[in-house]
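Residue numbers (the working numbering), protein chains in the order written: chain A, 38 to 256; chain B, 38 to 256; chain C, 38 to 256; chain D, 38 to 256.
Structure below.
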């Protein structure tokens, strides 16, 4: 089936792993050892997109142990639904808030998101009969329809608009979880939105009062 | 509620972002610009855990655009279930395979996994009434029960054993998706398992024939 | 009526004028003399807003003689209407294109525009019975209504969106003037859009192909 | 059509913008930020000409936020005409007086004005069939005819004479607006005329009692 030996990873990954071991791990081996023995205590949970260009550990240059990270297509948070089904994102949220007791949750969106683009394209055909991605992106369907209908904006502007709306939407959904709502009201949990521009590297942070995305002070 | 200005991220993240901009982004700005304009074309999808100590971009020292990453608690893949419900991981899988046409999928587990630990602890109480995490980890419940009952192994050995079993289990579930099954049989998609030891930095790769985890050649 | 002597300007303007004479004019007196004797030959016309924070000569740090500038509320260009009435902006356009033969026209918008804000606020009452400003801003009324109805966007996002849409609208109206249309098609006149962020100083330039506003290369 | 990339402004403007950012904006960034957040509160409105040699911000060396500026050909104010048509200058006037509540209005004319020159030249042919500029300058037609017929004055003297007459004429038209008339009578708004000599840099200020243009005291 493949030319690779049965126990080989793709070449690039193995090469990268060797760089990690001789570089970062060598420098931080004590920290890794401690993190292994004492467990993780991240202060921040990041909900990010699967996109290969928008890894939160890279954008925030974090150290091991610093951020607990969920990644799904378009960094979405479904509304609270205690229905006994499998909920990947809700499980991670519950674990981060109740077990790890994180103090911050950051929803990190980004420009040129393929999931958001699919949501805006009413003509897009399902990728497969099961159409998982279509159903998943239907989480933002009402907003997508409104924005898609706005032909006064360019397609680029519509895309950015929906990317930011969906971050605010995810933050609203976070608040539908009782544990999040209670802790936020007690001042023990803060919810953040951020949007990363792949092309320019600019990070835009959501103002918690207005919902606007602005450059962080000092940039 | 919080001492932070309304548009501020946690201090550590903003500091990290500035390091990223002056370091990595400055060095790779052309690559980011190209990735923005031409879109992402990662060859590999990685299914990893949310754990703050096991980010695949760090372990594999990847460049932007190189890997498409789903992260959920315990790097699980649920079985194929085209039931019209929201499926976070299945959506990402469908997007990676059908739209991005990745050539490799790596399920990356790791030691000291909190989700696996919870699955092994039959006495653990739900973190919240909705018990999302309990339901999510029930994906490996039969294996967890068998392993938990094996008092001949130490608790550390039981944990590692279940971590590795669950990787094999996720790979089996990957094959329950028709698109994965077909492409793997055509030799256009290769499935990999790997397990990262946080304490020592060691990477163990699953032998596709035997299922054993061994050190990659050259380590 | 006023405490000022009959021939005095506001104090700040006279002070500023003296700074001009001892500074800039002293340094550029030869250029002013030449410009007086030989007439102006600006290569660029700028259509800008009256706003006190967005003077094009400041933003583009231009020298005397460099840009021919129309300023009206919200930097609007009405559509071509050869009806024998007074048309302030159209007159200036005709003069710049036909007499001065400028090579570029830049429509320069900006953030926090009071005219655009008024257009978005359906509850705003006329400033006076004649309601000149209401009629003037009705030039962008259809777009304003569409954008105002989009409650998924924040008020700040709606404002920015309409500011940019109205720049594209003005550029489309420029092309309704036969002289502009002909010269642009001959490649002798180029139309530009730009948007200035008062708060950050950022200048965003309209991509002539897509209509998107992006940072100029090198910023 | 053009050699410029789709998103580039004329080279000179981009260079100037960079000078602005590294110079003036860097020095006044706090003031810009404040002006963005708190809005503009200019005390003075200036009605000036589009001429590239007579920007009021340069002549009065103003700071951002200091003057609200309308610019049209020959700095004209049409008479009050509440006819429901688009009125660019009247709209700006209404906005400045009623919304911004400026305390001063300055009509700033200048020497060698192309619009005034056209008005004096009875043989001039329309620049285009629509003849917007001809109609616009007809605002001063009666004065222009009288002055043009005065062959005892040189052409230079006729030009200066009409430039100054048209400033007085614009000020009279300002008073035809009820809001201006009322506020001026209440002493809350002062109307000024000024004339700038491009060649020498001299500023001449209109005496409110006599209408004469004289050098401001201290020059």
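Just so it is clear, CB atoms sit at the ideal spot from N, CA and C, and this is done for glycine as well. Note that the structure is a prediction, hence the values are computed from the model and not measured.
Worksheet entry | Assumed close pair residue 280 of chain A, residue 43 of chain B - CB separation to whole angstroms, cut-off 8 Å | With chain A covering only 38 through 256, there is no way to say anything about residue 280 of chain A.
Item to complete: Drop a sphere of 10 angstroms on the beta-carbon of residue 54 of chain C, count the other beta-carbons inside from all chains shown, and report buried for 16 or more, exposed for fewer.
Response: For the purposes of this step, residue 54 of chain C is identified with residue 17 of the third chain, where counting begins at 1. Classification for residue 54 of chain C: buried.
Item to complete: Using alpha carbons as the reference points, say which of A:56, A:196, A:83 lies closest to residue 177 of chain A.
Response: Looking up residue 177 of chain A in the first chain gives position 140. Looking at the Cα atoms, A:196 is the closest of the given residues.
Worksheet item: From the beta carbon of residue 247 of chain A, is the nearest beta carbon of chain C less than 7 Å away?
Response: Position 210 of the first chain holds residue 247 of chain A. True, the Cβ-Cβ gap to chain C drops below 7 Å.
Worksheet item: residue 208 of chain C to residue 228 of chain C, Cα distance in whole Å?
Response: To locate residue 208 of chain C, count along the third chain from 1; it is residue 171. To locate residue 228 of chain C, count along the third chain from 1; it is residue 191. Answer to the nearest angstrom: the Cα atoms are 7 Å apart.
Worksheet item: What do you get for residue 183 of chain D, buried or exposed, if any count of 16 or more other CB atoms within 10 angstroms of its CB means buried?
Response: Reading the fourth chain from its first residue, position 146 is the one you call residue 183 of chain D. It is exposed - the Cβ of residue 183 of chain D has fewer than 16 other Cβ atoms within 10 Å.
Worksheet item: Roughly how many angstroms separate the alpha carbons of residue 140 of chain A and residue 252 of chain A, rounded to a whole number?
Response: Taking the first residue of the first chain as position 1, residue 140 of chain A is located at position 103. Taking the first residue of the first chain as position 1, residue 252 of chain A is located at position 215. Distance between the alpha carbons of residue 140 of chain A and residue 252 of chain A: 22 Å.
Worksheet item: Looking only at C-alpha atoms, which of C:95, C:86, C:193, C:121 sits nearest to residue 174 of chain C?
Response: Taking the third chain and counting its residues from 1, the one referred to as residue 174 of chain C is at position 137. For residue 174 of chain C, the nearest C-alpha among the options comes from C:86.
Practice prompt. Please look up how many angstroms separate the CB atoms of residue 165 of chain D and residue 216 of chain C, rounded, as I've assumed it's under 8 Å.
Written response: Your numbering for residue 165 of chain D matches position 128 in the fourth chain. Your numbering for residue 216 of chain C matches position 179 in the third chain. Confirmed, about 6 Å.
Practice prompt. Give every residue of the same chain whose Cβ lies closer than 8 Å to the Cβ of residue 77 of chain D, excluding the five residues on either side of it in the sequence, and list them in chain order.
Written response: Here the question's residue 77 of chain D lines up with position 40 in the fourth chain. These residues qualify, in order along the chain: 102, 105, 137.
Discussion item. So, with DSSP's three-state summary, where would you put residue 146 of chain B?
Written reply: As a working mapping, residue 146 of chain B is identified with position 109 in the second chain. DSSP places residue 146 of chain B in strand when its eight states are reduced to three.
Worksheet item: Would you say residue 38 of chain B reaches chain A, if we count a Cβ-Cβ gap shorter than 7 Å as a contact?
Response: For the purposes of this step, residue 38 of chain B is taken as residue 1 along the second chain, with counting starting at 1. Residue placement at residue 38 of chain B is flagged as unreliable, the pLDDT there being 42, under the threshold of 50; the coordinate-derived value follows with that caveat. Answer yes: the Cβ-Cβ gap between residue 38 of chain B and chain A drops below 7 Å somewhere.
Discussion item. Closest to residue 112 of chain A by C-alpha separation, out of A:220, A:231, A:236, would be which residue?
Written reply: In the first chain, the residue the question calls residue 112 of chain A occupies position 75. Nearest option by C-alpha distance: A:231.
Discussion item. DSSP has residue 55 of chain D in a bridge; who is on the other side?
Written reply: Sequence index remark: in the fourth chain, residue 55 of chain D carries index 18 (1-based). For residue 55 of chain D, which the question treats as bridged, DSSP gives no partner whatsoever.
Item to complete: May I ask you to verify whether the stretch 152 to 167 of chain B touches the stretch 233 to 243 of chain B, counting CB pairs closer than 8 Å and requiring at least 3?
Response: no
Worksheet item: Going along chain C in order, which residues have a C-beta closer than 8 Å to the C-beta of residue 202 of chain A?
Response: The residue labelled residue 202 of chain A in the question sits at position 165 within the first chain. Here the neighbours are 189, 190.
Practice prompt. Apply the 10 Å Cβ neighbour rule to residue 98 of chain D and answer buried if 16 or more other Cβ atoms are within range, or exposed otherwise.
Written response: Within the fourth chain, numbered from 1, the residue matching residue 98 of chain D stands at position 61. Classification of residue 98 of chain D: buried, given that the 10 Å Cβ count is 16 or more.
Worksheet item: Using the C-alpha atoms, what's the distance from residue 206 of chain C back to residue 220 of chain B?
Response: For the purposes of this step, residue 220 of chain B is taken as residue 183 along the second chain, with counting starting at 1. For the purposes of this step, residue 206 of chain C is taken as residue 169 along the third chain, with counting starting at 1. Between residue 220 of chain B and residue 206 of chain C, the C-alpha separation is close to 49 Å.
Worksheet item: In chain B, which residues lie with their C-beta within 7 Å of the C-beta of residue 70 of chain A?
Response: For the purposes of this step, residue 70 of chain A is taken as the residue at position 33 of the first chain. Those are 236, listed as they occur along chain B.
Practice prompt. State buried or exposed for residue 194 of chain D, treating a residue as buried only when at least 16 other CB atoms are found within 10 Å of its CB.
Written response: The sequence position of residue 194 of chain D within the fourth chain is 157, counting from 1. Classification for residue 194 of chain D: exposed.
Worksheet item: Under three-state DSSP, which class holds residue 48 of chain D?
Response: The count along the fourth chain starts at 1 and reaches residue 48 of chain D at position 11. Residue state, collapsed to three classes: helix.
Fill in: Proximal residues, the stretch 160 to 191 of chain C versus chain A, C-beta separation under 8 Å
180, 183, 184, 187, 189, 190, 191
Worksheet item: Using a beta-carbon distance cut-off of less than 7 Å, what residues from the stretch 96 to 107 of chain C approach chain G?
Response: No chain G is present in this structure, whose protein chains are A, B, C and D.
Fill in: Runs of alpha helix (DSSP H) wholly within the stretch 99 to 134 of chain C (minimum 4 residues, chain order)
125 to 131
Worksheet item: Unbroken alpha helix (DSSP H) runs of length 4 or more, entirely within the stretch 147 to 190 of chain A: which are they?
Response: 151 to 157, 169 to 174, 178 to 185
Worksheet item: What are the partner residues of residue 81 of chain B, as DSSP defines its beta bridges?
Response: Here the question's residue 81 of chain B lines up with position 44 in the second chain. According to DSSP, which records beta bridges pairwise, residue 81 of chain B is partnered with B:104, B:141.
Worksheet item: Under a CB-based cut-off of 7 Å, is residue 197 of chain C close to chain D?
Response: Position 160 of the third chain, counted from the first residue, corresponds to residue 197 of chain C. Cβ-Cβ to chain D under 7 Å: no for residue 197 of chain C.
Item to complete: Would you mind sorting residue 179 of chain B into buried or exposed? The rule is 16 or more other CB atoms within 10 Å of its CB.
Response: Walking along the second chain from the start, residue 179 of chain B turns up at place 142. Exposed: under 16 other Cβ atoms inside 10 Å.
Practice prompt. Could you please give the first and the last residue of the uninterrupted alpha helix (DSSP H) stretch that includes residue 67 of chain B?
Written response: Within the second chain, the letter at position 30 stands for residue 67 of chain B. Where residue 67 of chain B is concerned, the enclosing alpha helix (DSSP H) stretches over 63 to 75.
Worksheet item: Would you say residue 165 of chain B touches the ligand GTP, meaning its beta carbon is less than 6 Å from a heavy atom?
Response: Judged by which ligands are present, the structure shown has none, so any question about the ligand GTP falls away.
Fill in: Where the alpha helix (DSSP H) containing residue 193 of chain D begins and where it ends
As a working mapping, residue 193 of chain D is identified with position 156 in the fourth chain. Here the alpha helix (DSSP H) through residue 193 of chain D covers 192 to 211.
Discussion item. Between which two residues does the beta strand (DSSP E) holding residue 220 of chain B run?
Written reply: Walking along the second chain from the start, residue 220 of chain B turns up at place 183. Premise fails: residue 220 of chain B lies in the alpha helix (DSSP H), 215 to 222, not in any beta strand (DSSP E).
Discussion item. Give me the subset of the stretch 130 to 161 of chain A whose CB atoms are less than 9 Å from a CB atom of chain B, sorted by chain position.
Written reply: 130, 131, 132, 133, 134, 135, 136, 137, 140, 141, 143, 148, 149, 151, 152, 155
Discussion item. On the criterion of 16 or more Cβ atoms from any shown chain inside 10 Å, does residue 129 of chain D qualify as buried, or is it exposed?
Written reply: Within the fourth chain, residue 129 of chain D is the residue found at index 92, counting from 1. Burial call: buried.
Item to complete: Would you kindly work out how many angstroms separate the C-alpha atoms of residue 47 of chain D and residue 72 of chain C, rounded to a whole number?
Response: Here the question's residue 47 of chain D lines up with position 10 in the fourth chain. Here the question's residue 72 of chain C lines up with position 35 in the third chain. Whole-angstrom Cα-Cα distance: 21 Å.
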